[in-house]
Amino acid sequence: MTSTLTPRPVDRAEPARTGTVPRRRTRVLALPEARWAAAATVLFLLALPLQLTGAPAWTWGPLYALSYVTGGWEPGWEGLKALKERTLDVDLLMVVAALGAAAIGQVMDGALLIVIFATSGALEALATARTADSVRGLLDLAPATATRLTPHGGEQTVSVEELTVGDTVLVRPGERVGADGRVLDGASDVDQATITGEPLPVAKEQGDEVFAGTLNGTGALRIRVERDASDSVIARIVRMVQEASETKAPTQLFIEKVEQRYSLGMVAATLAVFLVPLAFGAQLTDALLRAMTFMIVASPCAVVLATMPPLLSAIANAGRHGVLVKSAVVMERLGQVDAVALDKTGTLTEGSPRVTDVRPLPGSGLGERELLTLAAAAERPSEHPLARAVVDAAREHGPELPDAQDFTSAPGVGVTAVVRGRAVAVGAPSRLLDGTGSAVAAVAGELEESGRTAVLVLVDGAPAGLLGIADRLRPDAAATVAALTGLTGTAPALLTGDNPRGAAHLAAEAGIDDVRAGLLPQDKLTAVQEMERAGRKVLVVGDGVNDAPALAAAHTGIAMGRAGSDLALETADAVIVRDELAAVPTTVALSRRARRLVVQNLVIAGVFIAGLVVWDLAGNLPLPLGVAGHEGSTVLVGLNGLRLLRETAWQRAAAEGSD
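Residue numbers -8 to 650, in the working numbering, belong to the letters of the sequence shown in order.
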């Protein structure tokens, strides 16, 4: 049914709304943590060359002191508050260790430690702020206002928050739908990829459901509101992302899992090393020097650095190959996954429709190329994604298309035009023909059974042929699925909002058996939560707004970067910037290599610490030798971790992922 509603003239004074989400990003220096970390870093960089060039202590000493204050006061204060709650925070321990290093003359080492921890806190604060920005930006998908129709036929421009269940709203061509509801009158194609992930616009007519935030096509729709703005699908996505992010189990690096016991034990041991000799008559200076030496050699800095270099090196190597891993915690978690859930459109597929079949009908007198040329010429003036796919396919065989006259478009039906003196109509078989002939029905059924969208071409009123259009599988999809199956021991699952028939066909091509189609965002979230409750550590790979709740709730989430929504990119733990699906199993394999190096480094660091501590307690470890041993172990484990920076590390991970 074609709508007879007349579009309202565009008010040029009003800013046009686009289909993109405005990016409202928190500036880095708007965060107090970032400002303090930047100040501490600048002061440290000013003091360091002065000290190394032999300048007087009065020139660089105050700069180091200010670096201690600016970078250490906040973690120190938080540590004191935690101490009040009877919890020993590792940040407080690092501040104390830094002050202890300064007390025995290692001022530069202590300042460097302060700068590292301040910078880490700033990065964590920035990640939190950016995620909040993206969640707020999601609300901008829904328009701020809507056109409400009054009982007497008038129009009112109202805020979407004022709409109530039962109201009737008018959505003109090119506008975003303002509320969840059902079509009362009109017909149009609605792009609802932000909600369901479907690659093609969906024909909507009387009785069909529409969602707030989806983009109307060329027709006009009258819609009855069925949900309040606070209960729309978009609003529920926002709440699901926030709740999933808040309830996601706290992630910790391996060493942080034992930091409480280690910190308490170190403090108690340091006090004992200081007080026991005093009780037996030792000199105060000697006891203090031994205790400070113990604090330095037993400091967890070496263990922390034993953990970080492999993970940071893996992050840097992945970054060089187009994979942005957002933190060391994420890099560690990637190696733990034992189940994978993949989105379809834009993740497993290229995300854009293409002509896959050209089927002239017997008796039409047309070949494949001529049929495609006539259809493309008629479709060229249209802005519909299917029309662009037909035009692109025709231009692959030749750039010139004949001109079309008398072009008309009926939303939800198709287009008509006169090409080379012949009347050409292109559209859905069920809409162009009231009683589709058996030949047309057979070819259309065959195309749809194989996951294609069937498009009928009429020439001079008679069926001339059909085109099959589908979203194409990525070239590396099947290899990626096989690699992920080998790494996790389980084939990935496909979670998609697309129709079951098309999803099943693409899944079969990619080698996936577990297909869950027709899912809304909350259904994807539920599926991931069920897998998590079954004891699996799930990796979700997606790209759209509809994937964001699942990305937030999963053990680890990866977003495809080329066409990924802002919310998906911010919610995900890692982003495939170059949009290469094969990078997913390679990154997982690289993470596993990093975890193995972490274990090696912890053993090396533990042996050094244990040896130095025993020497200090059982003998008389000179302070310079203790510092040298402590720093030497740090350098050793650091160099071991840096092995993952080499190009061969990525190549070996790629080979491991493909085995």
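For glycine and all other residues, C-beta sits at the position ideal for the given N, C-alpha and C.
Based on DSSP bridge pairs, tell me the residues matched to residue i.
i      : result
Asn207 : Val181
Asp462 : Pro344
Lys195 : Ser179
Val409 : Gln396 and Ala414
Arg215 : Thr159 and Arg173
Val331 : Leu530
Ala453 : Val450
Ala484 : Ala332 and Asp505
Grab the span of the beta strand (DSSP E) containing residue i for me, first residue to last.
i      : result
Gln147 : Glu146 to Ser150
Arg350 : Thr340 to Pro351
Leu357 : Where Leu357 is concerned, there is no enclosing beta strand (DSSP E), given that its DSSP letter is neither H nor E.
Ala385 : Run containing Ala385: none in the beta strand (DSSP E); it sits in the alpha helix (DSSP H), Pro376 to Arg386.
Thr547 : Thr547 to Met551
Thr136 : Thr136 to Leu140
Assuming residue i contacts residue j (C-beta within less than 8 Å), just tell me the rounded distance between them.
i      : j      : result
Ala297 : Leu593 : 5 Å
Thr110 : Thr32  : 7 Å
Glu707 : Arg463 : Residue 707 lies beyond the residue range present for the chain, which begins at -8 and ends at 650; the question has no answer from this structure.
Ala574 : Val314 : 5 Å
Ala468 : Leu572 : 6 Å
Gly552 : Asp564 : Rounded, the Cβ-Cβ distance is 13 Å, inconsistent with contact.
Leu475 : Pro483 : 5 Å
Gly208 : Pro351 : With a Cβ gap of about 29 Å, Gly208 and Pro351 do not count as contacting.
Ala137 : Glu24  : That pair is no contact at about 40 Å.
In this structure, does DSSP put residue i in helix, strand or coil?
i       : result
Arg583  : helix
Pro420  : helix
Pro241  : In this prediction, Pro241 has a pLDDT of 47, which is less than 50 and means its spatial position is unreliable; what the coordinates show is noted afterwards. DSSP places Pro241 in coil when its eight states are reduced to three.
Val590  : helix
Asp538  : helix
Asp171  : coil
Ala367  : helix
Ile600  : helix
Arg527  : coil
Arg324  : helix
Ala644  : helix
Glu5    : At Glu5, the pLDDT of 34 sits below 50, so the modelled position is not reliable; the number obtained from the coordinates is stated separately. Note: Glu5 maps to coil in three-state DSSP.
Pro53   : helix
Ile105  : helix
Pro0    : Its pLDDT being 35, under 50, Pro0 is placed unreliably by the model, and nothing is read from it.
Asp505  : strand
Pro164  : coil
Ala573  : coil
Gly632  : helix
Glu200  : strand
Ala401  : strand
Ala445  : strand
Leu154  : coil
Phe265  : helix
Thr(-7) : Bear in mind that the predicted position of Thr(-7) carries a pLDDT of just 32, short of 50, making it unreliable; the figure below should be weighed with that in mind. Correct three-state label for Thr(-7): coil.
Asp489  : coil
Ala235  : Only weak support exists for where Ala235 lies, its pLDDT of 49 falling under 50; the value from the coordinates is given anyway. If DSSP states are grouped into helix, strand and coil, Ala235 belongs with the helices.
With the cut-off set at 8 Å, would you say residue i and residue j are in Cβ contact?
i      : j      : result
Leu362 : Ala455 : yes
Ala135 : Val151 : yes
Leu54  : Ala38  : yes
Val70  : Val60  : Rather than Val, the amino acid found at residue 70 in this sequence is Gly. Their beta carbons are not under 8 Å apart, which means Gly70 does not touch Val60 by this criterion.
Leu478 : Asp505 : no
Arg218 : Asp176 : no
Ala178 : Gly210 : yes
Leu154 : Arg139 : yes
Arg345 : Ala461 : yes
Gly537 : Gly509 : Reading off the sequence shown, one finds Asn at residue 537, where the question assumed Gly. The answer is no: Cβ separation not under 8 Å.
Leu581 : Ala644 : yes
Leu447 : Pro420 : yes
Val382 : Ala395 : no
Arg285 : Asp607 : Reading the sequence as shown, one finds Phe at residue 285 and not Arg. Contact flag set, yes.
Ile503 : Val529 : no
Leu457 : Val434 : yes
Val568 : Ala541 : no
Should residue i be flagged as near chain B, meaning a C-beta pair shorter than 8 Å?
i     : result
Gly70 : Checking the listed chains, one finds no chain B in this structure; it contains a single protein chain.
Along the chain, where does the alpha helix (DSSP H) that runs through residue i open and close?
i      : result
Gln513 : Pro512 to Arg524
Thr284 : Leu275 to Ala289
Phe35  : Pro23 to Leu43
Val431 : Ser429 to Glu440
Ala565 : First-last for Ala565: Ala565 to Ile567, but that is the beta strand (DSSP E), not the alpha helix (DSSP H).
Leu315 : That residue, Leu315, is in no alpha helix (DSSP H); its beta strand (DSSP E) goes Val314 to Val316.
Gly46  : Correcting the residue type first, residue 46 is Ala in the shown sequence and not Gly. Ala46 -> no alpha helix (DSSP H), and no H or E assigned at all.
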